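Here the structure comes first, spelled out in structure tokens, and everything after it is commentary.
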Amino acid sequence: MTCAACAGSVESMVAGIPGVKKASVNYATQNLQVVYNSKKVRLSELRKAVKSIGYDLIIDAENAREKQEQAQQNHYQSLKKKLLFAALLTASMATVGLFFIHLPYSNWIMMALCAPILFLFGRNFFGNAYKQARHGRANMDTLVALSTGTAFSFSVFNTLFPEFWQARGLQPHVYYEVAAMIIVFILLGKLLEERAKSNTSSAIKKLIGLQPKTVWLIENDQEREVPIADIQPGQLLLVRPGEKIPVDGQLAFGSSFVDESMISGEPVPIAKQVGDKVFAGTINQKGSFRFIAQKVGSDTLLAQIIKLVQQAQGSKAPVQKLVDKIAGIFVPVVVGLALLSFIMWLVLGGTNGFTQGLLAFVTVLVIACPCALGLATPTAIMVGVGKGAESGILIKDAESLEQAHRLNALVLDKTGTITEGKPVVSNLIWAQETLARQTELKSILLTLEQQSEHPLAEAIVRYLREKSVSTLPLTDFNSVTGQGLQADFGGRTYRIGSLPFMVAEKIHLSTEFSDLADTWAEAAQTIIFLAEEQQVVAILSIADKVKETSAKAIQTLQEQGLTVYMLTGDNTRTAASVARQVGITHFQAEVMPSDKADFVKKLQSQGKIVGMVGDGINDSQALAQADVSIAMGKGSDIAIDVAKMTLITSDLQLLPKAIKLSRQTVQAIRQNLFWAFIYNLIGIPVAAGILYPAFGFLLSPMIAGAAMALSSVSVVTNSLRLKAKKF
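Residue numbers for the sequence shown, in the numbering used here: 368 to 1094.
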């Protein structure tokens, strides 16, 4: 496709097929997204419709992107060759026009040189214009074909019948070099545009480059290298030092450090032990290990990221939909203006009215190409989405990227969003008289907690195992439902549980432990006691820890002008404690999932643009209701599916970055649209000759061709500036 009007033509042709509900074409990414009834529409019909107006469609292919990239690369190389030969012939023509114009057959020589430029190197413009015209449509190719065809035809007439003008006292001027230069400049502009556009999708190429092509498969204790496409879930794979991990899986043997910066954005490698998860595209550092493949092919985390980025780069922002409508009527309007300028010159231009009217007609057609208009929004979106992906912000559609900068209210779920989402031991204090027996008592504590299925027991077991505590043989064990555990070790009775359990068993609690319990309870932590016989010997507190970055992120969001709210199903005391720690003044506790959605609606009814951030199934309703929905990457699949953005690392500090990225992207779009519109608003009247009566200035069609090419390249270059900006 060569301009936004091309995209509009493809879109309307496909949308007109019975059974197609919606068709959307993105000019920058060369993608067509279709919603259709598969019982009424065959894919071959879609392709036939697209081919009827001069394009082709890659459908349902395993390596569709590779095919598309190959086609674009072939197109780029073809453009280079056409430009080279067209430029050589144009230079030869210019030499004749400048130095040998008085030769008897100079016009014939220039005609012979110009014809292959138009009808060989520029034949696509004429072929596509004809196909568009057959369906009553017009695009950039129509403008180019009309302008160059008119200039060439007029010149051929003057070459064959010079006496027609000489009899009327006029010189039979020819404009072969004008037609040739227009083709050369447009080919140059398309070449530069193609090169610049390829840079906007560099994020996708980087992500795809993270996927290794082969993998070491272990079968019957034998290693063999096989293509990654052959791997099935459940197979045992080997990763050596420095190699990329090929698929998602779980460590079975060995250990290592893995660079997961492509997922987390963090440069520090992560230690991996048996049982830990590993992800495709991450890089093994020093150790060698074997792991069991769990997710392969399109199911891997990396493949999902690539898919989401591709979809987002191909989606349309609301402002682009408006631009597409303008582009759809733009070309016919321009043709009308060009004809009007020709008629005005014919009526008011006097002796040279026809010649200058013809030049004005050609110049208006050339300068008004809507390429810049078509590129203004999608190129900025492509760069913005790609930049977000590289930083751990997955954006699912262009609308959310455009909307995010307008947010003035942000609703945060507590558990898993502000907090870690899993209970951890935050304090463990031993009685002074038991310090010498800590190793033994830790073993007793671990042995007891291993018998419990309570989530808090899991936190204690995890904490003690990390400290390499060993267990003891257990014979006499008793569980008191809802209160605690009891067992005998070495003839002594040990109990672990809550304060009511200790009181019920008449266990003595020292003043020091009592004061600690009050302090920790005030901070909304859960308190657990370990007693030996009738004396408490240790006190633990368990909490869902606030993420280290949450307070800083919330402060930054508030500095950006957002009012931050916290909603949680937890009790008021815990909610108040967390809100106090992170600096949130507006919060609600004991909230049901439907209440979260109602709260978002309430804010919206007050005229606020609301963002919702959550990580669980219970947040999905509110996420769907919000203007911008953001999921934490370590949350539930449902939340991630519903949300329009995903923070891969679940780090809230990415939120202010996402909002800043949105502001930068929207700013780039506005700048692009300003220059695209202002360029045409100024360029078309000047090309028509509005300055001629006052200043005697008439724009050359060659300069118009160069300016048109420059406008497209400048819009893409402005979008690429986003890459260098910090956010």
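Just so you know, even glycine gets a beta-carbon here, dropped at the ideal spot from N, CA and C. Fair warning: this is a prediction, and the values are worked out from it, not measured in the lab.
| Item | Value |
| --- | --- |
| Same chain, Cβ closer than 7 Å to V593, neighbours up to 5 away in sequence not counted | T581, V582 and L584 |
| Own chain partners of I951 with C-beta closer than 7 Å, once the 5 adjacent residues on each side are dropped | I921, V931 and M933 |
| Assigned secondary structure, I1036 (DSSP; H/G/I helix, E/B strand, else coil) | helix |
| Complete alpha helix (DSSP H) runs within the stretch 379 to 428 (minimum length 4 residues, chain order) | 410 to 418 |
| Every unbroken alpha helix (DSSP H) within the stretch 830 to 875, with a cutoff of 4 residues, ordered by chain | 866 to 871 |
| Contact belief for T939 with E957 at Cβ below 8 Å, rounded distance in angstroms | 7 Å |
| Inter-stretch contact (C-beta, 8 Å, three-pair minimum) for the stretch 801 to 811 and the stretch 822 to 841 | yes |
| Bridge partner(s) assigned by DSSP for G978 | L777 and V995 |
| Segment contact, 8 Å Cβ cut-off, at least three pairs: the stretch 1021 to 1033 with the stretch 751 to 758 | yes |
| At least three beta-carbon pairs within less than 8 Å, the stretch 599 to 615 to the stretch 641 to 653 | yes |
| Separation of I550 from F486, as counted between CA atoms | 10 Å |
| From E900, F868, H502 and A946, residue whose alpha carbon lies closest to that of S917 | A946 |
| Sequence-distant residues of the same chain with beta carbon closer than 6 Å to L513, five excluded per side | L732 |
| Pair within 7 Å by beta-carbon distance, N506 and A743 | no |
| Buried versus exposed, by CB contacts within 10 Å (16 or more), M959 | exposed |
| 8 Å Cβ shell around T786 - same chain, five flanking residues per side excluded | D911, K912, V913, K914, S917 and V945 |
| Element boundaries [beta strand (DSSP E), containing D626] | S623 to D626 |
| CB-CB length for L1022 against V1009, believed under 8 Å | Not quite, the Cβ-Cβ distance comes to about 17 Å (not below 8 Å), so this is no contact. |
| Backbone CA spacing between L450 and C481 [nearest angstrom] | 14 Å |
| CB of G421 within 7 Å of CB of N495, strictly | yes |
| A374 beta carbon less than 7 Å from that of V392 | yes |
| Rounded C-alpha distance that separates L1019 from G978 | 13 Å |
| Proximity test, H875 beta-carbon vs the ligand PLP heavy atom, cut-off 6 Å | Of the ligands one can find in the structure shown there are none, so the ligand PLP has no counterpart to examine. |
| V545 versus S708 - alpha carbon distance | 18 Å |
| Inter-residue spacing [alpha-carbon to alpha-carbon] between T718 and K447 | 42 Å |
| Pairwise C-alpha distance: L668 and F856 | 47 Å |
| Entirely enclosed beta strand (DSSP E) segments - the stretch 885 to 955, minimum 3 residues | 893 to 899, 902 to 910, 930 to 934 and 953 to 955 |
| Backbone CA spacing between K1090 and N587 [nearest angstrom] | 49 Å |
| Whole beta strand (DSSP E) elements within the stretch 423 to 483, 3-residue minimum | none |
| Local Cβ density within 10 Å of A660, reported as buried at 16 or more and exposed below that | buried |
| G621 vs F656 beta-carbon contact at 7 Å | yes |
| Distance between G516 and S987 (C-alpha atoms, nearest Å) | 58 Å |
| Beta-carbon proximity of N474 to V541, cut-off 7 Å | yes |
| Coarse secondary structure for S1079, derived from DSSP in three states | helix |
| Cβ shell of K407 (< 6 Å), same chain only, five flanking positions each side left out | G386 |
| Cβ pair count under 8 Å reaching 3, the stretch 853 to 873 against the stretch 893 to 913 | yes |
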